[in-house]
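*Asks:*
Residue numbers (the working numbering), protein chains in the order written: chain A, 23 to 141; chain B, 2 to 289.
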């Protein structure tokens, strides 16, 4: 089973994603981080296959963490999570920095799992 | 399902690759001239005049086109010509994807139809605001999306009440708020009774019971609902040509007397009737 790390400052989002991921049967959630800096540390300690990461977080945000992760770890696949529907430059920047896809909120279980399975 | 852009929809659906979308966006960046670039290409102004107008923008909050007119570099007629040329020659993302070979022009129409169907539930329909509210189309859309998300995300039956101006924000068990900045400044609030907080938590966490959840988790679920609504409002506003930035959500526990409306703001109250004695209200505090 592929290992997934969830990164979001909202407990609600972490709970929603952990539930979708763990009930899928294809993935196992190896933990969660509440900002980009924690995500980088946990990527090192937990060695996940996939990181689902919020764009906007207090402390180190998702795009900054993505920039670091894309240099430090070429293997891990990062998917960004946002309610902003690809507004403005952030969506394009995330893709240019190497994010594999973007998951929109509100979550649709089928959509989330399809995106993760296609990675 | 959420408010999204066509390019994001195609990547999410696995129809085009991430790299193809980036290529198409880069092609758009090359082909779609900015206002100043277009005015130069039409021979109306020089690069040096654009730079002078950019410098002037640092001390005066004006759009570039208006500044060029104010400084006498462009006439109003020329400005309109430039804007019309920009619109007429704009390369849309769908066409850009065809040009980079990511999709065929035959399939483009079908993908656009699928995208339209996906987004149909987010098209605004009739909400009436009191008269004299500026940017009413944005606030009507905000109310409309809130109602749709109550149905879609919270799975609650409700009846929207009439929107009224309000002098004081009525008390309730708790509120979650998020500030909009950018082209417009406003605070978006959702106020809920204790029972509704539980209903929201069950829906967001996808749990049958939330009796054992700590209060911080219950409050976080209301903030997350506000976050989802406001993110989608910002996306929709952007499609309507208005830039709204969202800031982190906060919770508020109002006193029994309610909260005063800050000076220089207009408060719009949107009662949301749920039944069973539960009270919910959406409030917009719009900076005048």
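Ideal placement from N, C-alpha and C gives every residue a C-beta, glycine not left out.
Treat the numbers as computed from the prediction; the structure is a model and nothing was measured.
Per DSSP, residue 189 of chain B is paired with what?
*Replies:* Per DSSP, B:179 and B:285.
*Asks:* Write down every uninterrupted run of the beta strand (DSSP E) in the segment 201 to 260 of chain B whose length is 3 residues or greater and which is fully enclosed by it, in chain order.
*Replies:* Unbroken beta strand (DSSP E) runs of no fewer than 3 residues, entirely contained in the segment 201 to 260 of chain B, are found at 245 to 247 and 251 to 253, following chain order.
*Asks:* Hey, is residue 153 of chain B's beta-carbon within less than 8 Å of any beta-carbon in chain A?
*Replies:* yes
*Asks:* At a Cβ cut of 9 Å, what residues of the segment 94 to 107 of chain A count as close to chain B, listed as they run along the chain?
*Replies:* Of all residues in the segment 94 to 107 of chain A, those with a C-beta nearer than 9 Å to a C-beta of chain B are 104, 105, 106 and 107, reading in chain order.
*Asks:* When you measure from the CB of residue 22 of chain B to every non-hydrogen atom of the ligand MG, does any distance come out below 7 Å?
*Replies:* This structure lacks the ligand MG; in fact it carries no ligand of any kind.
*Asks:* Is it right to say residue 76 of chain A is buried, meaning 16 or more other beta carbons lie within 10 angstroms of its own, or is it exposed?
*Replies:* buried
*Asks:* Kindly list, in the order they appear in chain B, the residues whose Cβ is closer than 7 Å to that of residue 113 of chain A.
*Replies:* 9
*Asks:* Per DSSP, residue 268 of chain B is paired with what?
*Replies:* Answer is B:167 and B:286.
*Asks:* Is the segment 176 to 193 of chain B touching the segment 222 to 236 of chain B in the sense that three or more CB pairs, one from each, lie closer than 8 Å?
*Replies:* yes
*Asks:* Indicate whether at least one CB of chain B lies closer than 8 Å to the CB of residue 43 of chain A.
*Replies:* no
*Asks:* Taking only beta-carbon positions, decide if residue 102 of chain B is within less than 8 Å of chain A.
*Replies:* no
*Asks:* Flag residue 140 of chain A as yes if its beta-carbon sits less than 8 Å from any beta-carbon of chain B, otherwise no.
*Replies:* yes
*Asks:* Using 8 Å as the limit for Cβ to Cβ distance, is residue 46 of chain A near chain B?
*Replies:* no
*Asks:* With a threshold of 8 Å on Cβ separation, who are the neighbours of residue 50 of chain A within its own chain once the five nearest residues in sequence on each side are excluded?
*Replies:* 23, 24, 25, 26, 43 and 44
*Asks:* Once the 5 residues before and after residue 289 of chain B are set aside, which same chain residues still bring their CB inside 7 Å of it?
*Replies:* 265, 266 and 267
*Asks:* Could you tell me if residue 89 of chain B is buried or exposed, where buried requires 16 or more neighbouring beta carbons within 10 angstroms of its beta carbon?
*Replies:* exposed
*Asks:* Closer than 7 Å by C-beta to residue 257 of chain B: which residues in its own chain qualify, once you throw out the five before and the five after it? Chain order, please.
*Replies:* Excluding residues within five positions, the ones whose Cβ falls inside 7 Å are 172.
*Asks:* Are the CB atoms of residue 287 of chain B and residue 281 of chain B nearer to each other than 8 Å?
*Replies:* no
*Asks:* Helix, strand or coil for residue 149 of chain B per DSSP?
*Replies:* helix
*Asks:* First and last residue of the beta strand (DSSP E) that includes residue 24 of chain A?
*Replies:* In the DSSP assignment, residue 24 of chain A falls within the unbroken beta strand (DSSP E) covering 24 to 29.
*Asks:* Using the beta-carbon of each residue, which ones in chain A are nearer than 8 Å to residue 221 of chain B?
*Replies:* 32, 33 and 34
*Asks:* Taking C-beta to C-beta, are residue 113 of chain A and residue 9 of chain B nearer than 8 Å?
*Replies:* yes
*Asks:* Report yes or no: is there a C-beta of chain A within less than 8 Å of the C-beta of residue 233 of chain B?
*Replies:* yes
*Asks:* What would DSSP say about residue 72 of chain A, mapped onto helix, strand or coil?
*Replies:* In the structure shown, residue 72 of chain A sits in a strand (DSSP, three-state: E or B).
*Asks:* Measure the alpha-carbon distance for residue 84 of chain A versus residue 90 of chain A and round it to whole angstroms.
*Replies:* 10 Å
*Asks:* What are the boundary residues of the alpha helix (DSSP H) that includes residue 10 of chain B?
*Replies:* 7 to 13 is the span of the alpha helix (DSSP H), which, as asked, contains residue 10 of chain B.
*Asks:* Compare the C-beta of residue 124 of chain A against all C-beta atoms of chain B and say whether one is closer than 8 Å.
*Replies:* yes
*Asks:* So, using beta-carbon positions, are residue 54 of chain B and residue 65 of chain B closer together than 8 Å?
*Replies:* yes
*Asks:* Please report the residue range of the alpha helix (DSSP H) in which residue 174 of chain B lies.
*Replies:* Where residue 174 of chain B is concerned, there is no enclosing alpha helix (DSSP H), given that its DSSP letter is neither H nor E.
*Asks:* Does DSSP put residue 99 of chain A in a helix, a strand or coil?
*Replies:* strand
*Asks:* Can the beta-carbon of residue 94 of chain B be found less than 8 Å from the beta-carbon of residue 16 of chain B?
*Replies:* no
*Asks:* Start and end of the alpha helix (DSSP H) containing residue 123 of chain A?
*Replies:* No alpha helix (DSSP H) contains residue 123 of chain A, which is instead part of the beta strand (DSSP E) from 123 to 126.
*Asks:* Answer with yes or no whether the minimum CB distance from residue 117 of chain A to chain B is below 8 Å.
*Replies:* yes
*Asks:* Which class does residue 101 of chain B belong to by DSSP, given the choice of helix, strand or coil?
*Replies:* It is coil, neither helix nor strand.
*Asks:* In chain order, which alpha helix (DSSP H) runs of at least 4 residues are fully inside the segment 53 to 134 of chain B?
*Replies:* 65 to 71, 77 to 90, 94 to 100 and 106 to 120
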